[in-house]
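For the protein sequence lines, the chains are A and B, in the order given.
Take the first sequence: its position 118, counted from the start at 1, is 118 in our numbering, and no numbers get skipped.
Take the second sequence: its position 89, counted from the start at 1, is 89 in our numbering, and no numbers get skipped.
For every residue, glycine included, the Cβ atom is placed at its ideal position computed from N, Cα and C.
Only a predicted model underlies this, so the values are computations on that prediction, with no experimental measurement involved.
2 protein chains.
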Amino acid sequence: MEEPFPPMDAIDLIQQQISILIRRSESERTAKQNTDRLDRSAYLMLGFLVNEGTLTVGQLAEFLQLDISTASRQVRALEDKGLVARTPDPRDGRISRVSLTEEGQQRFLAAKSSRLRRYRQLLSDWSEPDLAQFGAYLVRLNQAYYEAIHNSSPEQPGERKEAGR
Amino acid sequence: MEEPFPPMDAIDLIQQQISILIRRSESERTAKQNTDRLDRSAYLMLGFLVNEGTLTVGQLAEFLQLDISTASRQVRALEDKGLVARTPDPRDGRISRVSLTEEGQQRFLAAKSSRLRRYRQLLSDWSEPDLAQFGAYLVRLNQAYYEAIHNSSPEQPGERKEAGR
DNA sequence: TTATTTCGGTTGTATAATACATATATTATC
DNA sequence: GATAATATATGTATTATACAACCGAAATAA
């Protein structure tokens, strides 16, 4: 392989720590059932809906990088809980447009608040610049992931593709 | 309890980005089956064994924050694949001591190398100081998780973990 | 000593999240 | 109107997980 790559050690650390972070997070997910907690995918899904307003099942699947069948089931689960509503698209009978219910909004905000509380606790002794910097790094990494995946994929409305320099 | 906490915005970003990161990672996990890829828990488990040499099932469970039954099954799965070996402790017949096989070492290194390749790609345009800093932040966050778990005792019905050391 | 409790681990069972293959219904195209 | 493409849903399988019940070994109590 080519060599203009960053040194192994830092990357190795990052890779390892991300594995651990994910495991930790996963552990929290299953263990602590704060009543207002939502599983990660549901949380992300509701979050997208909060931001985007209304999305199709397919769009949700794409955003979450889920198989559409999985997304479909997730939507149904959320629907059964009354957190989202599906309305048929008047112009295309195949499409289900998914949007938040009032209840869904509230549950999302509650879950968000619960997560924030947890993170505020975990990060309570971080300086503000460190927090900002860390957040920026995470964004950057996620963006890299996103681009790696969407190298040559069809776009969705609202897509921002920033090619970096 | 509002004052001595860091500002919401950065934390909100971090929390959200970590959710996304985990989802991305999860997606990679199921999607790309590089032959040398190991699932996250197996990878972490082998990694611990690389570092620590030999561990009991219970220790692995604790490190990975898995229920011991899950750890037990994981160990068995790895054993069936020939990646670890269980040897009975001569002094305590209850204990299984788990260690890597030669094959396990090789598979771990291959998986690690594969992961590193992926991350090198994703992070190829990061500066070295940024990488180091990001790694340090991740370590710090994981450390906070670790401490949060090991300091506060979340009461579980029936079983309370006594930390008498 | 024997009886009981604790401990490390395994196995039974349940659940959740997921993907892949297939089905269905709707729209588009020929 | 027949066929193809599309959006979603359903059938089925897999995987990772936890909890509960259990088992055998060790430690402790009687």
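Under 8 Å, Cβ to Cβ, is there at least one residue of chain B near residue i?
i	result
Asp12/A	yes
Glu128/A	yes
Ser27/A	yes
Leu44/A	yes
Is residue i near the ligand MN - that is, is its Cβ less than 7 Å away from at least one heavy atom of it?
i	result
Asp12/A	Of the ligands one can find in the structure shown there are none, so the ligand MN has no counterpart to examine.
Taking residue i as the query, report the chain A residues whose CB atoms sit under 7 Å from its CB, ordered along the chain.
i	result
Phe134/B	Ile14, Tyr137
Arg115/B	Gln15
Mind checking which residues open and close the beta strand (DSSP E) that includes residue i?
i	result
Ser72/A	Counting along the chain, Ser72/A falls outside any beta strand (DSSP E), though it belongs to the alpha helix (DSSP H) covering 68 to 80.
Are the CB atoms of residue i and residue j nearer to each other than 8 Å?
i	j	result
Leu141/B	Ile11/A	no
Arg40/A	Ile22/B	yes
Glu79/A	Arg73/A	no
Ser96/A	Thr56/A	yes
Leu49/A	Val98/A	yes
Thr101/A	Val75/A	no
Arg107/A	Leu38/A	yes
Leu46/A	Gly82/A	no
Leu123/A	Tyr145/B	no
Tyr43/A	Ser19/B	yes
Tyr119/B	Phe134/A	no
Ala111/A	Asp9/A	no
Gln17/A	Val139/B	yes
So with CB distances below 7 Å, who are the chain B contacts of residue i?
i	result
Asn142/A	Gln17, Ile20, Leu21, Arg24
So, is the C-beta of residue i closer than 8 Å to a C-beta in chain A?
i	result
Gly47/B	yes
Gln65/B	yes
Leu55/B	no
Leu131/B	yes
Tyr145/B	yes
Between which two residues does the alpha helix (DSSP H) holding residue i run?
i	result
Leu83/A	No alpha helix (DSSP H) contains Leu83/A, which DSSP labels as neither H nor E.
Leu109/A	102 to 122
Leu44/A	40 to 52
Asp130/A	128 to 149
Gln59/B	57 to 64
Whose Cβ in chain B lies nearer than 8 Å to the Cβ of residue i?
i	result
Ala148/A	Gln121, Leu122
Ser41/A	Arg23
Is DSSP giving residue i helix, strand or coil here?
i	result
Arg165/A	Caution applies to Arg165/A, whose pLDDT of 29 falls short of 50 and renders its modelled position unreliable; the value that the coordinates give is listed next. Three-state DSSP puts Arg165/A in coil, outside helix and strand.
Arg37/B	coil
Arg91/A	coil
Ser25/A	helix
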